[in-house]
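In numbering that gives the first Met the number 0, the protein residues as written are 0 to 129.
Where is the CB? At the ideal position from N, CA and C, for every residue including glycine.
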Amino acid sequence: MPMVSKISEGVEISVETFYQADYSNPLNSEFMFAYRITIENHNNFTVQLLRRHWFIFDSNGEHREVEGEGVVGVQPVLNPGESYQYVSGCNLRTELGRMHGTYQMQNEYNKRLFSVNIPAFDMIVPAKMN
0 MPMVSKISEG VEISVETFYQ ADYSNPLNSE FMFAYRITIE NHNNFTVQLL
50 RRHWFIFDSN GEHREVEGEG VVGVQPVLNP GESYQYVSGC NLRTELGRMH
100 GTYQMQNEYN KRLFSVNIPA FDMIVPAKMN
């Protein structure tokens with residue numbers, strides 16, 4: 000899958016997705032995807048990721064929201080020029096879905112809170128190879 004990336008508030012978010020055939024069960028409408036996110040701080044101040052808020056859409060019209068503290072159990076601090084990468088997963092009920100969202104971050108210098116947009120990305124089961 001191609002990588003998508005977006006910069007907002009001086010923070011660049013890049014996303015790559017991977018279909019996880021071993022963890023999926025198409026007969027039960029269970030499709031598992033992994034996504035790798037890279038967060039890069041292009042600001043001249045340190046930032047901390049405090050919260051995440053996801054919007055997840057299935058091609059059958061279902062959608063859900065997920066929000067909570069941090070990512071994969073941590074609230075990473077990124078100095079200027081630093082990046083942080085993590086992998087997480089999402090299960091869908093169909094072979095096609097889409098996610099987007101926001102991270103709430105804090106400027107560690109003046110404690111100002113701000114939102115960073117996570118670009119929309121598609122999760123698509125690859126065509127079967129015969």
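Quiz item: Taking the C-alpha atoms as reference points, what is the distance between Gln74 and Ile6?
Solution: 19 Å
Exercise. Check whether the stretch 55 to 71 touches the stretch 12 to 23, taking contact to mean three or more Cβ pairs, one atom from each stretch, closer than 8 Å.
Key: The stretch 55 to 71 is not in contact with the stretch 12 to 23.
Exercise. Helix, strand or coil for Ala126, going by three-state DSSP, please let me know.
Key: Reduced to three states, the DSSP call for Ala126 is coil.
Quiz item: Is Asn78 buried or exposed, if buried means 16 or more other CB atoms sit within 10 Å of its CB?
Solution: exposed
Quiz item: With DSSP run on the structure shown, which of helix, strand or coil describes Asn59?
Solution: coil
Exercise. Have a look at Asn116, Met122 and Ser4 and flag the residue whose alpha-carbon is nearest the alpha-carbon of Thr101.
Key: Asn116
Exercise. Find the nearest neighbour of Ala119 within the set Asn27, Ala20, Phe44 and Gly96, judged by alpha-carbon distance.
Key: Gly96
Practice problem: Closer than 8 Å by C-beta to His99: which residues in its own chain qualify, once you throw out the five before and the five after it? Chain order, please. | Solution: Trp53, Phe54, Asn116, Ile117, Pro118, Ala119 and Phe120
Practice problem: Over the uninterrupted beta strand (DSSP E) stretch that includes Ser7, give me the two end residues. | Solution: Val3 to Ser7
Exercise. Report yes if the C-beta distance between Pro71 and Arg35 is below 7 Å; otherwise report no.
Key: The sequence given here places Val at residue 71; Pro does not occur at that position. No; because the gap between Cβ atoms is not below 7 Å, this pair is not in contact.
Quiz item: What's the C-alpha gap between Asn106 and Met122?
Solution: 32 Å
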